[in-house]
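Q: Residue numbers (the working numbering), protein chains in the order written: chain Z, 580 to 883; chain H, 580 to 883; chain X, 580 to 883. Would you mind keeping the following structure in view while I ask a few things?
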């Protein structure tokens with residue numbers, strides 16, 4: 580039986596102030612850094628291939644997003660992923676525009692095969708990464724979140740990752756002890772997709788919550804193997820903790836995204852309000868987020 | 580006789596939601612993406628040389644801006660331009676700081692020779708690209724817009740592009756059926772040049788309006804040759820449509836830039852208001868933009 | 580006896596509108612450009628290795644910040660530094676995360692040995708660069724400003740640079756005529772470190788004030804050797820002018836950072852207010868900045 584304690588998840592984030600290494604696209608680096616600071620994490624966008632692996636040894640977690648990746652970022656991500664996996668640190672993959680163009684798709688598929696702790700994308704990206712659906716033309720989602728849940732569950736089973744699908748209502752899918760669990764999180768606002776980086780920065784915050792969850796363990800290093808997704812763990816407690824962490828990140832965005840609409844006259848002022856709201860949202864408000872838990876019937880699974 | 584219907588131009592943009600590939604400088608990627616979203620287009624900043632050509636086949640149009648171009652962007656632009664030209668899709672060149680330094684100048688001149696649909700810069704950049712004037716020291720304009728109109732007309736004749744000059748009053752120059760047409764667009768505000776990216780993102784919106792104009796054709800692909808600037812067309816209707824599209828982009832900025840001053844206390848709040856205003860400006864307001872049309876006397880042309 | 584005239588320093592900046600070349604990390608390029616525009620300077624983020632040296636010949640000063648440097652930026656910085664030093668133009672080094680990872684540390688140490696006019700970082704970065712302290716894990720400062728002053732003085736003596744340490748109260752250290760002078764500047768707000776780029780952009784503004792101070796000389800080129808830090812000058816007047824310029828940049832930020840809190844609901848609105856305030860702060864307000872001057876006892880110096 581899965582259940583969430585979002586108040587505690589947020590408290591762990593604020594208390595641990597995790598250092599999140601973002602190998603992410605240059606369009607959203609500034610916004611993602613501000614978002615991480617607003618929620619109580621520390622950003623580092625270091626992405627040189629010569630240093631990225633070493634820095635992953637210092638960081639609490641890593642985000643990999645190839646939105647504008649040039650070769651140094653691709654090499655840096657490989658190095659950082661190796662170090663994160665070896666240390667049992669969480670890392671998330673944002674498969675921006677996977678399926679749209681061949682070279683990028685190939686690089687994203689390689690990263691997805693490297694055991695990410697979480698994968699976060701829109702519906703068309705998750706469908707394309709799972710090998711179903713029509714592929715995306717970019718950062719817009721053309722499929723619906725609910726329609727893609729079987730593909731998300733397939734991806735969760737195959738990769739061991741918690742899989743998050745962003746949309747008007749977000750969905751987070753976790754495969755725990757043979758069951759596909761789904762958390763649906765409602766909130767946000769119609770202006771949200773008009774602010775670049777609200778999706779990409781959610782990937783960064785997902786890593787922050789995952790890192791905080793790991794820090795909440797009595798001895799993170801002793802439990803590294805349980806939290807590592809480099810090997811499929813049967814530790815349902817650790818898997819549930821990761822599921823809760825990813826859902827908490829989405830709830831944080833959903834609540835702040837709703838509050839940000841107050842007084843917003845368009846996407847410019849909405850964006851400003853959103854950063855303010857991310858900072859002021861507390862555990863009490865997170866506990867009140869509209870999150871519903873369910874399981875996916877086995878017959879809804881997609882066959883590979 | 581050239582005349583504009585800016586209301587319809589805007590309606591086409593909102594209806595077609597074109598996907599604009601921006602190979603642009605990293606300083607303004609975030610702002611340009613937010614601007615495109617605000618006006619009803621979709622941004623994609625993909626700039627890897629291995630993917631850029633393929634992505635141009637998906638995109639509705641391409642912006643090329645070498646403000647901080649490193650080698651992968653230079654190669655990506657070449658690939659995207661080839662694909663856009665072959666498909667008759669619009670692309671615009673922003674010649675940032677052309678004339679200031681040699682390597683950049685050489686690369687911008689190569690791009691300018693590749694038949695851009697539109698060229699947008701400040702007065703010193705247009706003068707430098709046309710081979711007259713004093714050259715620029717960067718993104719600031721030191722020449723005046725009116726003084727550079729003959730150079731803009733020369734550039735329009737030589738490249739087949741619609742040439743836009745940004746300044747306190749913008750000017751858009753089109754060479755149609757042997758006549759140099761000029762649209763002067765007034766608006767904006769003194770804070771506008773204090774917000775980085777207001778020029779560069781105008782280049783992106785120019786592509787968006789050009790793409791929307793193309794989508795407004797009954798069968799864009801059948802008419803590709805007419806709208807392609809890869810070959811000089813004698814189709815004055817298509818040329819007028821491109822002229823109108825570039826002017827509409829500038830009018831959209833001029834109107835929003837004026838509205839944005841309301842309540843602005845400095846460049847920070849002005850920037851926020853500007854994004855809000857870009858989003859809320861409608862066809863009615865665009866139709867009320869201060870746009871004046873005229874022709875350039877033949878003897879004002881610059882001899883090459 | 581050192582004393583400051585911040586009103587005149589600001590007047591020189593507004594009057595000279597210096598062009599500042601920023602070879603800086605992509606996370607903060609947009610913010611840094613907006614900050615430079617707000618204070619009355621012109622930004623240029625050109626960082627291609629083939630052009631950077633030539634552009635430094637046009638620019639009034641150069642900022643070097645390797646926060647996300649890939650190879651082209653590292654090469655561009657070398658070229659720009661050589662040109663700036665040869666011309667006696669000011670340049671500043673921001674040693675982001677020095678000490679955290681090896682390759683970056685090596686590159687930053689090389690740049691620090693190239694006679695920067697100023698070095699600006701947080702306490703852990705200054706300590707690491709001086710070869711003392713524990714090193715930083717990123718852009719957060721873990722050491723205290725006062726504790727690092729001996730290390731800053733050591734760095735100032737060894738490099739000839741004015742050394743600035745950012746923190747709740749900033750400190751600027753200058754070694755003039757055998758004495759370590761310290762200016763402590765108070766202001767800002769708790770939201771300031773939650774806005775990415777407030778440190779990095781201060782480095783850019785430091786270069787702007789240094790360039791303005793140089794422009795204030797009757798004949799900058801004739802006095803180039805006096806202001807150049809490529810050779811240790813005994814011209815205490817020029818050194819004092821550089822000390823004043825760096826302090827003025829910090830005072831500008833401190834005052835604007837305090838004003839920006841008015842009406843701020845979080846880091847988003849604070850950031851907007853900050854850009855507004857940077858623009859509106861005038862010489863009168865700068866003259867009222869809380870700046871205290873003192874000297875560092877010789878026995879507080881760190882032995883190498």
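We put the beta carbon where it would ideally sit given N, CA and C, even for glycine.
For residue 713 of chain X and residue 611 of chain X, I'd like the C-alpha separation in whole angstroms.
A: Looking up residue 713 of chain X in the third chain gives position 134. Looking up residue 611 of chain X in the third chain gives position 32. Since pLDDT at residue 713 of chain X reaches only 48, below the 50 mark, its modelled position is unreliable, and the value read off the structure follows with that caveat. Cα-Cα distance, rounded: 28 Å.
Q: I'd like to confirm the pairing. Which residues does DSSP put opposite residue 601 of chain X in its beta bridges?
A: Here the question's residue 601 of chain X lines up with position 22 in the third chain. Answer is X:642.
Q: Name, please, each residue of chain H whose Cβ falls closer than 8 Å to the Cβ of residue 634 of chain X.
A: By 1-based counting over the third chain, the position of residue 634 of chain X is 55. Result: 679 and 680.
Q: With DSSP run on the structure shown, which of helix, strand or coil describes residue 696 of chain Z?
A: The residue given as residue 696 of chain Z occupies position 117 in the first chain. It is coil, neither helix nor strand.
Q: Can you tell me whether residue 769 of chain Z is buried or exposed, with buried defined as 16 or more other CB within 10 angstroms of its CB?
A: Counting from one through the first chain, the residue named residue 769 of chain Z turns up at place 190. Counting Cβ neighbours within 10 Å, residue 769 of chain Z comes out exposed, since fewer than 16 surround it.
Q: Hey, residue 663 of chain Z and residue 628 of chain Z are a contact pair by Cβ (cut 8 Å); roughly how many whole angstroms apart?
A: Walking along the first chain from the start, residue 663 of chain Z turns up at place 84. Walking along the first chain from the start, residue 628 of chain Z turns up at place 49. Actually they are not in contact, since the Cβ atoms of residue 663 of chain Z and residue 628 of chain Z sit about 15 Å apart, beyond 8 Å.
Q: By alpha-carbon positions, which one of Z:598, Z:667, Z:726 and Z:830 ends up nearest to residue 693 of chain Z?
A: Residue numbering aside, residue 693 of chain Z sits at position 114 when the first chain is read from its first letter. Nearest C-alpha to residue 693 of chain Z: Z:667.
Q: Could you name each continuous alpha helix (DSSP H) segment of 4 residues or more that falls completely within the stretch 617-642 of chain Z, going from the start of the chain to the end?
A: The stretch 617-642 of chain Z contains these whole alpha helix (DSSP H) runs: 631-637.
Q: Quick check: residue 605 of chain X and residue 605 of chain H, are their CB atoms within less than 8 Å of each other?
A: Start at 1 with the first residue of the third chain, and residue 605 of chain X comes out as number 26. Start at 1 with the first residue of the second chain, and residue 605 of chain H comes out as number 26. It is a contact, given that the beta carbons lie within the stated cut-off.
Q: Kindly give me the distance between the Cβ atoms of residue 585 of chain H and residue 868 of chain H, rounded to whole angstroms, as I take these residues to be in contact under 8 Å.
A: In the second chain, residue 585 of chain H corresponds to position 6, counting from 1. In the second chain, residue 868 of chain H corresponds to position 289, counting from 1. The pair is a contact, with the Cβ atoms about 6 Å apart (cut-off 8 Å).
Q: Suppose contacts are defined by Cβ-Cβ distances below 8 Å. Is residue 774 of chain H in contact with residue 830 of chain H by that definition?
A: Along the second chain, one-based indexing puts residue 774 of chain H at 195. Along the second chain, one-based indexing puts residue 830 of chain H at 251. Not in contact: residue 774 of chain H and residue 830 of chain H (Cβ atoms no closer than 8 Å).
Q: Under 8 Å between the Cβ atoms of residue 854 of chain H and residue 636 of chain Z?
A: Taking the second chain and counting its residues from 1, one reaches residue 854 of chain H at position 275. Taking the first chain and counting its residues from 1, one reaches residue 636 of chain Z at position 57. No.
Q: Could you check if residue 644 of chain H is buried or exposed, using at least 16 other CB atoms within 10 Å of its CB as the buried criterion?
A: Working through the second chain from its first residue, we reach residue 644 of chain H at position 65. With 16 or more Cβ atoms within 10 Å of its Cβ, residue 644 of chain H is classed as buried.
Q: With 9 Å as the limit, tell me which residues of the stretch 592-621 of chain H have their beta carbon closer than that to any beta carbon of chain X; keep them in chain order.
A: If the cut-off is 9 Å between Cβ atoms, the stretch 592-621 of chain H has 604, 605, 606, 607, 608, 609 and 610 near chain X.
Q: Using CA atoms only, rank isn't needed, just tell me which of X:750, X:736 and X:792 is closest to residue 700 of chain X.
A: Looking up residue 700 of chain X in the third chain gives position 121. Closest option to residue 700 of chain X, Cα to Cα, is X:750.
Q: Name the one or two DSSP bridge partners that residue 869 of chain Z has.
A: The residue given as residue 869 of chain Z occupies position 290 in the first chain. Paired residue(s): Z:765.
Q: Quick check on DSSP: helix, strand or coil for residue 664 of chain X?
A: Numbered from its first residue, the third chain carries residue 664 of chain X at position 85. Residue 664 of chain X: helix per DSSP, three-state reduction.
Q: Taking beta-carbon pairs under 9 Å, can you tell me which members of the stretch 755-774 of chain Z lie near chain X?
A: The residues in question: there are none.
Q: Determine the contact status of residue 839 of chain Z and residue 826 of chain Z, defining contact as a CB-CB distance below 8 Å.
A: Taking the first chain and counting its residues from 1, the one referred to as residue 839 of chain Z is at position 260. Taking the first chain and counting its residues from 1, the one referred to as residue 826 of chain Z is at position 247. Their beta carbons are not under 8 Å apart, which means residue 839 of chain Z does not touch residue 826 of chain Z by this criterion.
Q: Count the other CB atoms, across all protein chains shown, that sit within 10 Å of the CB of residue 650 of chain X; report buried if there are 16 or more and exposed otherwise.
A: Counting from one through the third chain, the residue named residue 650 of chain X turns up at place 71. Exposed, by the Cβ-count rule.
Q: With burial defined as no fewer than 16 other Cβ atoms inside 10 Å of the residue's Cβ, what is the status of residue 842 of chain H: buried or exposed?
A: Locating residue 842 of chain H in the second chain gives position 263, counting from the first residue. So residue 842 of chain H counts as exposed.
Q: Could you give the distance in angstroms between the alpha-carbon of residue 691 of chain Z and the alpha-carbon of residue 672 of chain Z?
A: Here residue 691 of chain Z is taken as the residue at index 112 of the first chain, counted from 1. Here residue 672 of chain Z is taken as the residue at index 93 of the first chain, counted from 1. Approximately 7 Å between the Cα atoms of the pair.
Q: Classify residue 738 of chain X as helix, strand or coil using the three-state DSSP reduction.
A: For this step, residue 738 of chain X is matched to residue 159 along the third chain. If DSSP states are grouped into helix, strand and coil, residue 738 of chain X belongs with the helices.
Q: Just the Cα atoms here: how many angstroms apart are residue 823 of chain Z and residue 723 of chain Z?
A: Start at 1 with the first residue of the first chain, and residue 823 of chain Z comes out as number 244. Start at 1 with the first residue of the first chain, and residue 723 of chain Z comes out as number 144. Roughly 23 Å separates the two Cα atoms.
Q: So, are the CB atoms of residue 893 of chain X and residue 819 of chain X less than 8 Å apart?
A: Residue 893 of chain X lies beyond the stretch modelled for chain X, which goes from 580 to 883, so this question has no answer here.
Q: For residue 689 of chain X, is the classification buried or exposed, using 16 other Cβ atoms within 10 angstroms of its Cβ as the cut-off for buried?
A: Here residue 689 of chain X refers to the residue found at position 110 of the third chain. Classification for residue 689 of chain X: exposed.
Q: Rounded to the nearest angstrom, what separates residue 665 of chain Z and residue 850 of chain X at their Cα positions?
A: Reading the first chain from its first residue, position 86 is the one you call residue 665 of chain Z. Reading the third chain from its first residue, position 271 is the one you call residue 850 of chain X. Distance between the alpha carbons of residue 665 of chain Z and residue 850 of chain X: 38 Å.
Q: Count the other CB atoms within 10 Å of the CB of residue 873 of chain X; is the residue buried (16 or more) or exposed (fewer)?
A: Counting from one through the third chain, the residue named residue 873 of chain X turns up at place 294. It counts as exposed.
Q: Short check: CB of residue 614 of chain H to CB of residue 780 of chain H, under 8 Å?
A: Translated into positions along the second chain, residue 614 of chain H becomes position 35. Translated into positions along the second chain, residue 780 of chain H becomes position 201. Cβ distance < 8 Å, so residue 614 of chain H and residue 780 of chain H count as in contact.
Q: Name, in chain order, the residues that DSSP records as bridge partners for residue 755 of chain Z.
A: The count along the first chain starts at 1 and reaches residue 755 of chain Z at position 176. Beta-bridge pairing links residue 755 of chain Z to Z:758.
Q: Only counting the same chain, and skipping five residues up and downstream in sequence, which positions put a Cβ closer than 8 Å to that of residue 755 of chain Z?
A: For this step, residue 755 of chain Z is matched to residue 176 along the first chain. Once the five neighbours on either side are set aside, the close Cβ partners of residue 755 of chain Z are 581, 815, 818, 819 and 822.
Q: Would you decide whether residue 738 of chain H is buried or exposed? Buried here means 16 or more other CB atoms lie within 10 Å of its CB.
A: Translated into the one-based positions of the second chain, residue 738 of chain H becomes position 159. When all chains shown are included, residue 738 of chain H counts as buried.
Q: With DSSP run on the structure shown, which of helix, strand or coil describes residue 749 of chain Z?
A: For the purposes of this step, residue 749 of chain Z is taken as residue 170 along the first chain, with counting starting at 1. Strand at residue 749 of chain Z.
Q: By Cβ distance, which residues of its chain are closer than 6 Å to residue 764 of chain X, with the 5 residues on each side in sequence left out?
A: Position 185 of the third chain, counted from the start, is the residue given in the question as residue 764 of chain X. So the list reads 749, 829, 830, 833 and 870, once near-sequence residues are dropped.
Q: Is there a Cβ of chain X sitting closer than 8 Å to that of residue 848 of chain H, yes or no?
A: Within the second chain, residue 848 of chain H is the residue found at index 269, counting from 1. Cβ-Cβ to chain X under 8 Å: yes for residue 848 of chain H.
Q: Leaving out five residues on either side along the sequence, give the residues of the same chain with a beta carbon under 6 Å from the beta carbon of residue 639 of chain Z.
A: The residue given as residue 639 of chain Z occupies position 60 in the first chain. Excluding sequence neighbours, residue 639 of chain Z sits near 597, 598 and 790.
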